[in-house]
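Colleague: This is the structure, below, for whatever I ask next.
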Amino acid sequence: MPSRLGDSVPFLLNRAMTRFSNLFARHVEDHGLSLAMWRVLAVLDDEGELKLGAVARLTCIELSTLSRIAAGLEGRGLIRRRRCGSDARAVLAGLTDDGRGLAATIRPHAEACELAACDGMNATEMDVLRHLLGRLSGPPLSSAGGTGDVANV
Numbered sequence: 171m172p173s174r175l176g177d178s179v180p181f182l183l184n185r186a187m188t189r190f191s192n193l194f195a196r197h198v199e200d201h202g203l204s205l206a207m208w209r210v211l212a213v214l215d216d217e218g219e220l221k222l223g224a225v226a227r228l229t230c231i232e233l234s235t236l237s238r239i240a241a242g243l244e245g246r247g248l249i250r251r252r253r254c255g256s257d258a259r260a261v262l263a264g265l266t267d268d269g270r271g272l273a274a275t276i277r278p279h280a281e282a283c284e285l286a287a288c289d290g291m292n293a294t295e296m297d298v299l300r301h302l303l304g305r306l307s308g309p310p311l312s313s314a315g316g317t318g319d320v321a322n323v
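Each residue of the sequence shown is one higher than the last, beginning at 171 in the working numbering.
As structure tokens, this is what we get:
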């Protein structure tokens, strides 16, 4: 256990995420998006149409916050929401053509910012980092199930 805050894993993770966010935020802001809005677009681009509950799990955004984000994205014509036929309480969200186009425009910037944030790491180090971060973040998230939540810890 580290004796200094600056050596603790949560502090270092937060610092690394802040560095990445600062590098990437201006790219999404140029398109009128927040980082949370980008996460929603990216997940829907990766996974296709999903229930909002699944989007919340995959993006680590609270459902109430996600509902507001989804309304804003829908108002801009980037996503489309509809009631789920098999569960009238559930809402499905999917990208529009404009949403897919914007995701395709921004994604290369996300990848470039990841490379810049990890500048100096070789491919093996990147693989190890992804593996360790995956272990720290819990079970793999999927649109169908697990949350990887640590609420019971």
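All C-beta atoms, glycine included, are put in the ideal place defined by N, C-alpha and C. All values reported here derive from a predicted model rather than from experimental measurement.
Could you give the first and the last residue of the continuous alpha helix (DSSP H) run that contains aspartate 276?
Modeller: Here the sequence assigns isoleucine to residue 276, which means aspartate is not the residue at that position. First-last of the alpha helix (DSSP H) with isoleucine 276: 267–287.
Colleague: Just tell me which of Leu272, Asp257, Arg253 has its CA closest to the CA of alanine 263.
Modeller: Arg253
Colleague: So, is valine 320 buried or exposed, given that buried needs 16 or more other C-beta atoms within 10 angstroms?
Modeller: Residue placement at valine 320 cannot be trusted, given a pLDDT of 33 that sits under 50; the coordinates are not used to answer.
Colleague: With burial defined as no fewer than 16 other Cβ atoms inside 10 Å of the residue's Cβ, what is the status of valine 298: buried or exposed?
Modeller: exposed
Colleague: Could you check the C-alpha separation between leucine 306 and leucine 248 for me, to the nearest Å?
Modeller: Roughly 32 Å between the two C-alpha positions.
Colleague: Put leucine 183 into one of helix, strand or coil per three-state DSSP.
Modeller: helix
Colleague: Just to confirm, are cysteine 283 and phenylalanine 194 a CB contact at a threshold of 8 Å?
Modeller: Contact: yes.
Colleague: Here's a check: name, in chain order, each residue in its chain whose Cβ is nearer than 8 Å to the Cβ of arginine 196, leaving out the five neighbours to either side.
Modeller: The answer is none, since no qualifying residue turns up.
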